[in-house]
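Taking it in order: structure first as structure tokens, then the write-up.
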Amino acid sequence: MRWSLELLSPALVVGEGSELLLGPDEAGRSARLKLSLADGRLVFDVEAQGLAEAAPGLAHPEWYNRAHLALFLNPGHDHATRWLYGVDDTGAVTATADWAAPGEVPGEVRTARLAGPPAAEGSFEELGSGRFRIVLRVPADAVWPGGAAAAGLAVKVGFHEELIVRPLRWPAEIDWAGDTPLCFGDLYRSGPPLRVDRLELPEPAWAVPCPLSLRAVVGPGGPASGRVRIETILPGEGQQGQCELPWTADQEGNVALTAEVSFPHRGKWASDAREVARLAVTFTDDAGRPVWQAEYPFGFDCGIIVRERFGPIDGEQPPRPEPADPDFVEKFRRYVLARLPDYRLKTTRDGAPSDFYLADDAGRANLNLMDPDWPDAVAAMLAERFGRWDDALCAAAMWVYHPLITLHSSSWSGIAGRCTVQAVPRLGGCFCGDTGRLTAMLAERVGRCLDVPLRAWSLGLRGHIATLVDSPAGRVVLDGMIGLWFHTLDNTRLATLEEMRADRRIVQRMWYCPRAHGHEFFYGVDNQIIRDWNKAAVDFPV
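Residue numbers (this note's numbering): -12 to 529.
Structural data, given as structure tokens:
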């Protein structure tokens, strides 16, 4: 499970006749990559050493199991669009395009298919003595659309390997990132006036100021000062300015600065990866001309991982805001979060009674997930800390969202969907159907603790699953996957499903993207699927 982010971006400049040496690795294999521009084409010319003879009758003849060049490009420098060009030992070119960002769990990648990249030309030549040459030509203007200064680049050079594929690569592999643009190097068409080579975000959190550190280097003839503008982007809603501050290079041309970013809590998740929220960074010179730009995807489950801060801040538990408070939404979120434990995982190696023991820093709500009655303990804790059934329901949804309770991950989701609800937090990965069941179970138990009749249901949204609760206020909606609830616009009570269908603003002020495949989850539709949350087949009663 990752959180803090440090991105180091090595750079190549085509205009300087860049040459890149990969290897040698432990087997003595190496490759030399030359970059050039010719006839409107960006030319990648690779000569490699260490090719063994391919085994006859390859059991796995895919191009990436043979001698190949795999070239990954990120046109536009948005750290999400990914073009892959693969050239194998026949000279054939494979080309794909997708949106890709690393997931919350190391090794997982969230993707969405995009229209194919422009056609490229490739060739392969065996040079003898274990050497080969691959040349790939890509339309240059497509790599830097609109005259963008930078694009992303990653390179792999592979050999005949069927069992364990270990290509030479640049930049160095990052185990949690996969081949995703978030961690590519930077490719410049010519010497950049300024380039950013380091970005750091320690523990980014929703709706609170977070430090963002940037390190840049001014190139020859580049500006000595200017301004940097940082924005967050919710697709479909435009940009939200975060901060703008001056920058000045030192005598060696180095720039170091720290800004503050507040990631909007409405941007936690989009069903369509192409609508994922983005962080935009723009350096300008003193005349306001952009000299370097980039965007980075962020969310609760991909790209820059942003989380909630559970527990009191500086030991303070803020009071419940009044409905008329103009900042009710954020103050109520803080009211809930401050009263929920911020768990730390302990195992038997730490002296805990089980390997699924959640320790509360305050020492008042330690939880052993191996106890058969742990859901009752959680429900009692929520009822005692919040007192009101409606506030306790909101807290239940946020409790389920804690990363030590559920992670939005495919790693264990196939089992999570077919096991007892009590086992879901122990698995370390689940999908929305599992968080929906878990939230429903807690909602009903909270009702019993407070002597309030609460009946929960699974709420299918045709692209997502939430929780519906029959309550004294009517049928209200909770979403444990992203820690959401929905109040009426006057903040006096939880909104009903019928009210959410009728007024878009009820959901929009909590979640910017409540839709999938162009289909709204709530507004203007009445085709939600309401089912018993506890009737699923249980194949793994753990």
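Glycine included, C-beta positions come from ideal geometry on N, C-alpha and C. Values in this document were obtained by computation on a predicted structure and should not be read as measured data.
Asked: Sequence-distant residues of the same chain with beta carbon closer than 6 Å to P308, five excluded per side; Found: F315, K318, F319
Asked: Beta-ladder partner(s) of V80, from DSSP; Found: V74
Asked: Between the CA atoms of W50 and R182 - distance to the nearest angstrom; Found: 35 Å
Asked: Touch test, the segment 86 to 95 against the segment 286 to 298, Cβ-Cβ under 8 Å, three pairs minimum; Found: yes
Asked: Closest residue to E224 among Y499, E148, G505 (Cα-Cα distance); Found: Y499
Asked: CB contact flag (P222, E262, <7 Å); Found: yes
Asked: G416 versus P390 - alpha carbon distance; Found: 10 Å
Asked: F59 - partner residues in DSSP beta bridges; Found: L71, A141
Asked: Chain-order list of residues whose beta-carbon lies under 7 Å from that of R296 (same chain, five-residue window excluded); Found: A192, V195, L324
Asked: Given C381 as reference, the closest of M497, D75, R156 once Cα atoms are compared; Found: M497
Asked: Endpoints, the alpha helix (DSSP H) within which Y322 is located; Found: 315 to 325
Asked: Which of helix, strand or coil DSSP assigns to I493; Found: helix
Asked: Inter-residue CB distance, H55 and G73 (contact presumed, cutoff 8 Å); Found: 6 Å
Asked: Chain-order list of residues whose beta-carbon lies under 6 Å from that of E431 (same chain, five-residue window excluded); Found: L441, A443
Asked: Rounded C-alpha distance that separates A159 from K143; Found: 10 Å
Asked: Rounded Cβ spacing between A503 and D259 (contact assumed at less than 8 Å); Found: 7 Å
Asked: Straight-line Cα distance separating L9 from H451; Found: 44 Å
Asked: Pairwise C-alpha distance: M(-12) and F343; Found: 15 Å
Asked: Continuous alpha helix (DSSP H) assignments of at least 4 residues falling wholly in the segment 351 to 410; Found: 361 to 373, 376 to 388, 400 to 403
Asked: Every unbroken beta strand (DSSP E) inside the segment 228 to 271 [3 residues or more]; Found: 241 to 248
Asked: Top-ranked residue by Cα proximity to L(-6), from H66, N514, M487; Found: H66
Asked: Bridge partners - K522, DSSP secondary structure assignment; Found: None, per the DSSP bridge assignment.
Asked: Stretch-stretch touch, CB-based, cutoff 8 Å, three pairs: the segment 200 to 212 with the segment 120 to 132; Found: no
Asked: Exposed unless 16 or more other CB atoms sit within 10 angstroms - verdict on D338; Found: The question names Asp, but residue 338 in the sequence shown is Gly. So G338 counts as exposed.
Asked: Nearest-angstrom beta carbon gap, W157 and G172 [assumed within contact, 8 Å]; Found: 7 Å
Asked: Spatial neighbours of I531 in its chain, beta-carbon cut-off 8 Å, leaving aside the 5 residues before and after; Found: With the chain covering -12 to 529 only, the question about residue 531 has no answer from this structure.
Asked: 6 Å CB neighbourhood of V122 in its chain, flanking five on each side removed; Found: D32, S110
Asked: D541 - containing beta strand (DSSP E), residue span; Found: Absent from the model: residue 541. The displayed extent of the chain is -12 to 529, so no value can be given.
Asked: Exposure label - T454; buried when at least 16 CB within 10 Å; Found: buried
Asked: Touch test, the segment 411 to 426 against the segment 392 to 399, Cβ-Cβ under 8 Å, three pairs minimum; Found: yes
Asked: Beta-carbon proximity of N61 to A138, cut-off 7 Å; Found: yes
Asked: Burial state of H252 (16 or more Cβ within 10 Å); Found: buried
Asked: N-terminal and C-terminal residue of the beta strand (DSSP E) that L199 is part of; Found: 197 to 205
Asked: Beta-carbon separation (whole angstroms), A384 vs T426, contact threshold 8 Å; Found: 6 Å
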